[in-house]
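Data block below; observations after.
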Amino acid sequence: MYDMLYNLINVVFGFNWPTWLISLIGHAAVAAILFAVAPFQMLFLTYYERRAIARMQDRVGPNRVGPEGIFQPIADGVKMFTKEDIVPKAADRWVHLIAPCVVVAPTMFMFAVVPWGPGMVPVDLNVGLLFFFAISSISAVGLMMAGWASNNKFALLGAMRSVAQMVSYEIPAILSLLAIVMITGTLSIVSIIDAQAGLFINSVDLPGVPDWGLGWFIFTPVGFLAFFCFFIAALAEGERTPFDIPEADSEIVAGYMTEYSGMKFGLFYLAQYVLNFLLCGMTAIIFFGGWQGPGVNWLYSQAISPANPEGMWLFNVLAGVLGVFYFLAKTYFFFFVMIWIRGAYPRLRVDQLMDFGWKFLIPLTLVNMLSAAIWVGLTRWGAAEGLAFIEGWSAGVRWGVAFALTLIINLATYIMMARIYAASQAARSRLELEELRDLAAMSR
Amino acid sequence: MLANYAFIGIFFVAAVSFPLAPLVLAFLLRPKRPTPIKQSTYECGLEAMGDMRMQFKVQYYLYALAFVIFDIEVVLLYPWAVAFNQLGLYGFTAATVFLLMLFAGLVYEWRKGALEWV
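For the record, the sequence lines run as chains A and B.
Sequential numbering of the first sequence, starting at 1, is according to this note's numbering.
Sequential numbering of the second sequence, starting at 445, is according to this note's numbering.
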């Protein structure tokens, strides 16, 4: 995209500006566009969620403001701006003010490494994935500040719960991504997308497979288990039902947001929806190929890019539009799945939440890393790496053996872990039942 | 590569200033009529009782400790995972030993009851 801008300014208009100036202007413009788009994205997501959840609960949802209620979120936004900002006397004024900013700033900062289409990434960092998750964990500090500064029991309880939940589910999220990183051998998000060309079989694993942009990691046993673990962890990171314990409105009012009103409350809301959008986008990027899809790679090969400076800018536009369409379609699909889960499942208890993260997801992701190692060994290695016996195998046989072996390992681990976990949960509820019986006997 | 981080810097400045704009706008637009009742701490309509910053379950602390241990191990695994393709069987064996120790730690915590929510 920056090459296109360079071409436009220096070749078409003939200004001959230096490269650094053009990329500076380009990046500033991209930052401005993204930060203007993000609030509208969030407004649309709130509308979308309210309408979808209403349908699932056999209601209509907001439908009065504008056609089909499409202007409802804008009316809500206007209300946020004009509401009085109430700060309790007992609260710590400054920390109370800074907390929403500390929550919002990292979520916006995370946009810096998210690719939207072919060649359309604000900054292609070589440690993009690490950057994304390092920044995402900063908002936990903001939540703790909010809960502590409010000086309210509900707020502090909510903050404690949300921080405990976020740190617990960060480990399975990162461990499941490490399996993918082992296969791609890079932390750059753009390279991870590029590695997902092919048709059901990755073109890196099986050279010569036709490139329809469908070689997604979800089609491998390793990627499937990683996706499963990552999406559940993402639900918990984004505080979505069934993991919305930090703001369980029937238990602790609104959690850390209890003492917030007006625009400060709006900022928390904004951060939450933008984070959910980014997590859905990350799921789409890492397991479903991001902007990869039929046609995008062919269009981009005709366009102006570092590899092909002689291309036509029309193909840049076409590839960009198609790529962004694929990316947003996948992202909105996962957001819909989040709403669907909200409509289908009740909230978990705190102990169930913690048990599920530590005793089920973490062992599963650790075993998945072993599967990823086997996958890389069987599909990429040879005598030089110490696996002389697979030297003679063809690429197809290697892929088949790797697929079967990792499928067996992952399936067996899943069944075993599910049994252990179910047994421990059953033992726990038996214990609780006995305690209740004892209490009843004592009171009688 | 260094230029990339300069642009990350641009994004950082933009991201930090992003929440300030709506806050300033809301400050100009909103009414300001505080009363003692409004400014009291919310506690289901009752007057707030006791100290808000009370003692907490020790479980939160134990989970935080376990998180720190695991997070450091994950950070050590990042460079290994990136270079895994070139490491060969030796790198695989070394990391397996490391991961087994990680796993043993998890099992130890589990058996000791550090992961129980009582």
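Glycine residues also receive a C-beta, built at the ideal position from the N, C-alpha and C atoms.
Near-chain A residues of the stretch 478–490 of chain B - C-beta to any C-beta below 9 angstroms: Going along the stretch 478–490 of chain B in chain order, one finds Pro478, Pro480, Lys482, Gln483, Ser484, Thr485, Tyr486, Glu487, Cys488 with a Cβ nearer than 9 angstroms to chain A.
Gly198/A, DSSP secondary structure in three states: Residue 198/A sits at position 198 when you count from the first residue of the first sequence. Gly198/A falls in the strand class under three-state DSSP.
C-beta neighbour in chain B for Asp351/A, strict 8 angstroms: For the purposes of this step, residue 351/A is identified with residue 351 of the first sequence, where counting begins at 1. With a threshold of 8 angstroms between beta carbons, Asp351/A makes contact with chain B.
Counted within 10 angstroms of its Cβ, other Cβ atoms place Ser371/A as buried (16 or more) or exposed: Counting from 1 along the first sequence, the entry for residue 371/A is found at position 371. Answer is buried; the Cβ neighbour count reaches 16.
Contacts around Leu299/A, its chain only, beta-carbon distance under 7 angstroms, and the 5 residues preceding and following it disregarded: Reading the first sequence from its first residue, position 299 is the one you call residue 299/A. Contacts found: Phe315, Leu318, Ala319, Leu322.
Amino acids of chain B, ordered along the chain, whose beta-carbon sits closer than 7 angstroms to that of Glu385/A: Taking the first residue of the first sequence as 1, we reach residue 385/A at position 385. Taking the beta carbon of Glu385/A as reference, the chain B residues within 7 angstroms of it are Gly532, Leu533, listed in sequence order.
Met312/A (DSSP reduced to helix, strand or coil): Locating residue 312/A in the first sequence gives position 312, counting from the first residue. Under the three-state reduction of DSSP, Met312/A is assigned to coil, being neither helix nor strand.
Identity of the residues DSSP links to Leu214/A by a beta bridge: As a working mapping, residue 214/A is identified with position 214 in the first sequence. Answer by DSSP bridge pairing, in chain order: Leu199/A.
Reduced DSSP category for Gly117/A - H, G, I as helix; E, B as strand; rest coil: If you number the first sequence from 1, residue 117/A lands on position 117. Gly117/A: strand per DSSP, three-state reduction.
Gln196/A versus Leu125/A: straight-line alpha-carbon distance, rounded: Walking along the first sequence from the start, residue 196/A turns up at place 196. Walking along the first sequence from the start, residue 125/A turns up at place 125. Put simply, the backbone Cα of Gln196/A is about 18 angstroms away from that of Leu125/A.
Outcome for Pro523/B when other beta-carbon atoms lying within 10 angstroms are tallied against a minimum of 16: On the second sequence, position 79 is the one that residue 523/B refers to. By the 10 Å Cβ count, Pro523/B comes out exposed.
Cβ pair Leu364/A, Leu225/A closer than 8 angstroms: The residue you call residue 364/A lines up with position 364 of the first sequence. The residue you call residue 225/A lines up with position 225 of the first sequence. Against a cut-off of 8 angstroms, the Cβ pair of Leu225/A and Leu364/A comes out as a contact.
Chain-ordered neighbours of Arg474/B on chain A, where CB pairs are closer than 9 angstroms: Mapped onto the second sequence, residue 474/B falls at position 30. Result: Phe81, Thr82, Lys83, Glu84, Asp85, Gly262, Met263.
Residue range of the alpha helix (DSSP H) that includes Met166/A: As a working note, residue 166/A is residue 166 in the first sequence. Met166/A -> alpha helix (DSSP H) spans 153–184.
Residues of the stretch 168–186 of chain A with Cβ closer than 7 angstroms to any Cβ of chain B, in chain order: Under the 7 angstroms Cβ criterion, the stretch 168–186 of chain A contributes Ser168, Ile171, Ile174, Leu175, Leu178, Val181, Met182, Gly185, Thr186.
8 angstroms contact criterion, which Leu187/A and Leu129/A should meet: CB distance rounded: For the purposes of this step, residue 187/A is identified with residue 187 of the first sequence, where counting begins at 1. For the purposes of this step, residue 129/A is identified with residue 129 of the first sequence, where counting begins at 1. Confirmed, Cβ separation roughly 5 angstroms.
Near-chain B residues of the stretch 153–166 of chain A (beta-carbon distance less than 7 angstroms), N- to C-terminal order: If the cut-off is 7 angstroms between Cβ atoms, the stretch 153–166 of chain A has Lys153, Leu156, Met160, Ala164 near chain B.
Cβ distance (whole Å) where Asp85/A is taken to contact Gly262/A below 8 angstroms: Here the question's residue 85/A lines up with position 85 in the first sequence. Here the question's residue 262/A lines up with position 262 in the first sequence. That pair is a contact at about 4 angstroms.
Nearest residue (CA-CA) to Phe327/A, options Gly357/A, Tyr345/A, Val296/A: What you label residue 327/A is simply residue 327 of the first sequence in a count that begins at 1. When C-alpha distances from Phe327/A are compared across Gly357/A, Tyr345/A, Val296/A, the shortest belongs to Val296/A.
6 angstroms CB neighbourhood of Leu559/B in its chain, flanking five on each side removed: Stepping through the second sequence from its first residue, residue 559/B is reached at position 115. If we look at Leu559/B and ignore the five residues flanking it on each side, its Cβ neighbours are Glu553.
Pairwise C-alpha distance: Gly557/B and Ala236/A: As a first step, residue 236/A must be located in the first sequence, where it is residue number 236. As a first step, residue 557/B must be located in the second sequence, where it is residue number 113. Roughly 23 angstroms separates the two Cα atoms.
From Gln503/B, Arg477/B, Ile454/B, residue whose alpha carbon lies closest to that of Val87/A: The residue you call residue 87/A lines up with position 87 of the first sequence. Closest option to Val87/A, Cα to Cα, is Arg477/B.
Rounded separation between Glu385/A and Val204/A - CA only: Translated into positions along the first sequence, residue 385/A becomes position 385. Translated into positions along the first sequence, residue 204/A becomes position 204. Looking at the two C-alpha atoms, the distance is approximately 18 angstroms.
Listed by chain order, chain B residues near Arg208/A by CB distance under 8 angstroms: As a position in the first sequence, residue 208/A is number 208, starting the count at 1. Looking at the sequence itself, residue 208/A is Gly, so the reference to Arg does not match. Chain B residues near Gly208/A: none, gap ~20 angstroms exceeds 8 angstroms.
Reduced DSSP category for Cys280/A - H, G, I as helix; E, B as strand; rest coil: Taking the first sequence and counting its residues from 1, the one referred to as residue 280/A is at position 280. In the structure shown, Cys280/A falls within a helical segment according to DSSP collapsed to helix, strand and coil.
Cβ separation of Glu247/A and Gly158/A, assumed to be a contact under 8 angstroms, to the nearest whole Å: Within the first sequence, the letter at position 247 stands for residue 247/A. Within the first sequence, the letter at position 158 stands for residue 158/A. Sure, about 6 angstroms apart at Cβ, within 8 angstroms.
C-alpha gap between Val519/B and Glu170/A, whole angstroms: Taking the first residue of the second sequence as position 1, residue 519/B is located at position 75. Taking the first residue of the first sequence as position 1, residue 170/A is located at position 170. One C-alpha to the other measures close to 12 angstroms.
Backbone secondary structure at Ala441/A - three-state DSSP: For the purposes of this step, residue 441/A is identified with residue 441 of the first sequence, where counting begins at 1. In the structure shown, Ala441/A sits in a helix (DSSP, three-state: H, G or I).
Residues near Arg240/A in its chain [Cβ-Cβ closer than 6 angstroms; skip 5 each side]: The residue labelled residue 240/A in the question sits at position 240 within the first sequence. In its chain, beyond the 5 residues on either side, Met338 have a beta carbon closer than 6 angstroms to the beta carbon of Arg240/A.
Residue-chain proximity (Ile452/B, chain C), Cβ-Cβ < 8 angstroms: Judged by its chain identifiers, the structure shown contains no chain C, and its protein chains are A and B.
The stretch 47–80 of chain A: positions lying closer than 8 angstroms to chain B by Cβ: From the stretch 47–80 of chain A, only Met80 have a Cβ closer than 8 angstroms to chain B.
8 angstroms contact criterion, which Leu361/A and Pro221/A should meet: CB distance rounded: Indexing the first sequence from 1 puts residue 361/A at position 361. Indexing the first sequence from 1 puts residue 221/A at position 221. The C-beta distance from Leu361/A to Pro221/A rounds to 17 angstroms, too long to meet the 8 angstroms contact threshold.
Endpoints, alpha helix (DSSP H) assigned at Asp85/A: Here residue 85/A is taken as the residue at index 85 of the first sequence, counted from 1. In the DSSP assignment, Asp85/A falls outside any alpha helix (DSSP H) and carries neither an H nor an E.
Element boundaries [alpha helix (DSSP H), containing Tyr552/B]: Along the second sequence, one-based indexing puts residue 552/B at 108. That run of the alpha helix (DSSP H) goes 502–556.
Straight-line Cα distance separating Phe536/B from Gly392/A: Translated into positions along the first sequence, residue 392/A becomes position 392. Translated into positions along the second sequence, residue 536/B becomes position 92. Taking C-alpha positions only, Gly392/A is separated from Phe536/B by approximately 22 angstroms.
Assigned secondary structure, Thr479/B (DSSP; H/G/I helix, E/B strand, else coil): Translated into the one-based positions of the second sequence, residue 479/B becomes position 35. Residue state, collapsed to three classes: coil.
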